[in-house]
Every structure is written in structure tokens, then in C-alpha cells.
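In the numbering used here, the protein residues as written are 9 to 457.
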């Protein structure tokens, strides 16, 4: 083949390569835009997370505009590095765009609007201006906070005790209930009511501040927040400081037994106890909160709760325990329940009607049953030697759940009994009192029918 022929072939090859490059750079596929399907803007505004990708040419620029009744405003614009010969420096995408939509700064009014997102790539299409995709996202501007009306009068509540409140919210709320400082107790439909009234059984945690605010709150889908207050009186109380001396029998018997069940090293019994009483206890408490979060609103309990039949109280609610070995403090804990003792292997009865949420081994609580009584109220039965019910079982007040024992971190045969409102432990003594339940809980429920 002559040199001239080779030259022609080379020129054709170059033409093909150049043509292919031009064809690729003139690609006609616009960028992909990632955005919410709908946006709601409340009084506090909202942040919108957007994104764009273009694996062929890369993103050249993004412009975000908000079109509303008062006009149109650009809320975001950014150009990204690249060149016409090569396209974007970074492909296929760009970092997520987070833009704040502030209704006050934008002069927004109640009503509908649109967020318009335009993304352009580095393609040579459209006379080198690139491909552009436009996406319109519907926006609802809601600047009115829910209105809360509290119907309950003066309410007394003890520290580490319970109470209830009935209220109304003038619109559907995504989140409503009672705030006690940082603790939250969700509201639920008032049983029997057909007019939208709601009830929240709430508690004042043991460690709440002395002047803890108590109020009903409601938040709508736009994040607007309404509050309602009413007359409440916090009745203070003190809690026992209890030293507990750990004997050799407990350290060399119970601690290794539980450590072995938990897969822990018990070569140093004191160190093993410290780990169990702190880390394992914390893990167990977190698990209990996950369990009670599965409780349902449906009311099951009626009247006062039963105390273990023929039992003597051996440890009281919320006492602060200091554990001593040879007179030296090695650990501490708050005891959030009552220890009740009767005869060994005594029958353990459901304190009130409910549904079994949990029935299995639970660390320091040993064999444990947790019942859901409705409206956020649950009860816990620990250290059982035998469990006679299973998850999902519906039980009646006084039905046998199992027998007492010394499983878990128990030094002898007894029942550890606790009541939670939401995820907060409360004093069972109130719930054992039928008059207290009638005056503080059931009197509110009677507003329903």
C-alpha cells in the first residue's frame, strides 16, 4: 500500500474519532434531578435536600426558584467547574444541595407554591448551551400553628408519679401529647369520644427539675407547633438512700451464674458485678424502652392494679442503691420498681388486663414478662422462675403469668414489679390504689362516651 493510501486511512480514522467525540459531546440526554415529591413549609421554614447527576457530560449549573402568590425568587444558584471540550471536572454528580426556605425572608403567604429546579449539563447540544431538565415540585405553605384546648382542670402530680389530661387539637397533628421537660408522653384518642378529644397519661420523671414545665403540645406536618397549659401542681417527695452489702455467697454464686448466662468473664466477681450492674443494666433498660414502644393505644385496664397476693415489700420504688463490698462502694443504681416477696415459687398474677408484649429472659431481670395495658401504660414482672404466657397473649386481671423466682440479678426468690407510663418508670403504689386510679385516670376517661 502506498504512503498516500496510508495517509487517507489515517485521515479517515481521525475523522471517525473526531466525529465520534463530537457525537458524544452533543449527547441529548438532560441531567437527572433528585428532589422531594412534595414540600411543606411552616413558620420555622424548612430545609430541602436536592441533587442532580449526569454521567455523560456532568453538571454545569443548577438554579432553584420558588414561585408563589407574591412572585418568584431565586433561592439557590451554583455553577460547577468544567470545560466545553471535556465537560465537567467531576462526574457524574455533584454534592447534595441543601437550601433553606424561610417564609419570612421570602415573604410567603398561606397557600400553594412551586419549587422550580433547573439543571443544565456540559453537553454541546442546543448550540453548546447544554441539555436542561426542569422539575416543578408542589409546595404547600402552612403558617398557622395547631390550636390546643385543654379541658382538664387543676391537676396534682407527684414526682415519679402519674396523671392524665384531656385536650383537643383543632387540626390533625403529626405529633401531640404532653411534654414534661424533656420527656414526652404521646396523646391518644379519648376512648369512646367521637369529637376528636384526646387523652395523655403522663408522668414526672424521678430526676425532673423542681420547676419542670408541663404542657400539652401539638405539631402539624409543616412543623408548626402549638402549646396549651393548664394548672398543675408538682408534689415533691424524697427517695431512700439504701446501702446494699454484697456477700461472698452472692459474689461467688449469683454473679458467676449470671455472667455465664450472658457470656461474660467472672474471674473477678466484683468487676463482673460492676459490668452487669452498669453496662448490662443499661442495655436491658434500652431493650425495655424498645419493647414498650410497641404498646398500642387501646384501653385494656380497668380499676386499680393488683399487688402480688400476700406479698411483703422488701425494696421500694426509686430508691438509690449503693452496693458495698467490705464496706467499700463498688457500684450504684436506681431501683425503679418494688421488690415483693411471698413464698418461694408463688404464683404471679397480671396486675390488670392487657396483652403480653414480652415473655423471655431479659438480663438482670431474669425471666421477665411485660404487659401492655393500653394508653401508654405497661407493667413489668421480673425474676420469674417460670413463664406461663407468650407474646401476643391477651390476659385478664389476676391471670397467672408464671411463678416467682431468683433468675437474673436476684439474691433470693421474689418478684420485681414495675409500671411504666410511656418510657418512664412511675410509682406502682399509685396504680395499686383503686381510688387514685378512679380519681386521676378513670374520671378523665368518663369524658369519652
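Note that beta-carbon positions come from the ideal geometry of N, C-alpha and C, so glycine has one too.
Buried versus exposed call for residue i [16 or more other C-beta atoms within 10 Å across all chains shown]
i: residue 18; result: Because residue 18 sits at a pLDDT of 49, beneath the cut-off of 50, its placement in the model cannot be relied upon, and the following sentence gives the value as read from the coordinates. Result: exposed.
i: residue 215; result: exposed
i: residue 380; result: buried
i: residue 135; result: exposed
i: residue 262; result: buried
i: residue 92; result: exposed
i: residue 339; result: buried
i: residue 94; result: exposed
i: residue 418; result: buried
i: residue 36; result: exposed
i: residue 449; result: buried
i: residue 142; result: exposed
Strand pairing of residue i, partner residues [DSSP]
i: residue 40; result: 61
i: residue 336; result: 333
i: residue 398; result: Residue 398 pairs with nothing; no bridge assigned.
i: residue 278; result: BP columns for residue 278 are empty, so no partner.
i: residue 70; result: 86, 127
i: residue 175; result: 158, 206
i: residue 426; result: 388
i: residue 382; result: 385
i: residue 375; result: 369, 392
i: residue 250; result: 329
i: residue 185; result: 194, 225
i: residue 236; result: 224
i: residue 145; result: 123
i: residue 54; result: 109
i: residue 80; result: 75
Distance between beta carbons of residue j and residue i, contact taken as under 8 Å
i: residue 116; j: residue 241; result: Not a contact, Cβ separation roughly 42 Å.
i: residue 311; j: residue 426; result: With a Cβ gap of about 19 Å, residue 311 and residue 426 do not count as contacting.
i: residue 254; j: residue 281; result: 7 Å
i: residue 389; j: residue 409; result: 6 Å
i: residue 55; j: residue 108; result: 5 Å
i: residue 322; j: residue 341; result: That pair is no contact at about 16 Å.
i: residue 73; j: residue 82; result: 5 Å
i: residue 358; j: residue 403; result: 5 Å
i: residue 139; j: residue 106; result: Residue 139 to residue 106, Cβ: 24 Å. No contact.
i: residue 466; j: residue 101; result: Since the first and last residues shown for the chain are 9 and 457, residue 466 lies out of range.
i: residue 395; j: residue 354; result: 14 Å between Cβ atoms; not a contact.
C-alpha gap between residue i and residue j, whole angstroms
i: residue 334; j: residue 165; result: 40 Å
i: residue 327; j: residue 206; result: 34 Å
i: residue 62; j: residue 200; result: 56 Å
i: residue 437; j: residue 405; result: 17 Å
i: residue 150; j: residue 48; result: 7 Å
i: residue 67; j: residue 42; result: 13 Å
i: residue 329; j: residue 176; result: 42 Å
i: residue 245; j: residue 391; result: 28 Å
i: residue 29; j: residue 152; result: Residue placement at residue 29 is poorly supported in this model, since its pLDDT is 45, which falls under 50; the coordinates are not used for a value here.
i: residue 375; j: residue 415; result: 6 Å
i: residue 237; j: residue 291; result: 35 Å
i: residue 267; j: residue 283; result: 10 Å
i: residue 137; j: residue 103; result: 22 Å
i: residue 69; j: residue 87; result: 4 Å
i: residue 440; j: residue 387; result: 12 Å
i: residue 133; j: residue 303; result: 59 Å
i: residue 252; j: residue 372; result: 16 Å
i: residue 294; j: residue 156; result: 32 Å
i: residue 128; j: residue 147; result: 23 Å
i: residue 50; j: residue 124; result: 19 Å
i: residue 434; j: residue 344; result: 8 Å
i: residue 243; j: residue 298; result: 30 Å
i: residue 288; j: residue 230; result: 40 Å
i: residue 363; j: residue 272; result: 33 Å
i: residue 445; j: residue 352; result: 30 Å
i: residue 119; j: residue 80; result: 14 Å
i: residue 318; j: residue 324; result: 16 Å
i: residue 270; j: residue 393; result: 17 Å
i: residue 213; j: residue 337; result: 26 Å
Chain-order list of residues whose beta-carbon lies under 7 Å from that of residue i (same chain, five-residue window excluded)
i: residue 189; result: 216, 217, 220, 221
i: residue 305; result: 196, 197, 382, 383
i: residue 53; result: 108, 109, 110, 111
i: residue 422; result: 322, 347, 348, 349, 391, 412
Chain-order list of residues whose beta-carbon lies under 6 Å from that of residue i (same chain, five-residue window excluded)
i: residue 71; result: 85, 126
i: residue 259; result: 277
i: residue 360; result: 309, 313, 381, 405
i: residue 97; result: 89, 90
i: residue 144; result: 122, 124
Spatial neighbours of residue i in its chain, beta-carbon cut-off 8 Å, leaving aside the 5 residues before and after
i: residue 174; result: 158, 159, 160, 198, 205, 206, 207, 452, 455
i: residue 154; result: 177, 178, 179, 181, 184, 226, 227, 228, 232, 233, 234
i: residue 300; result: 365, 378, 380, 386, 428, 430, 431
i: residue 186; result: 173, 192, 193, 195, 208, 210, 222, 223, 224, 225
i: residue 274; result: 263, 264, 267, 268, 280
Residue-level contact to chain C via CB, residue i, 9 Å cutoff
i: residue 61; result: The chain inventory of the structure shown lacks chain C, comprising one protein chain alone.
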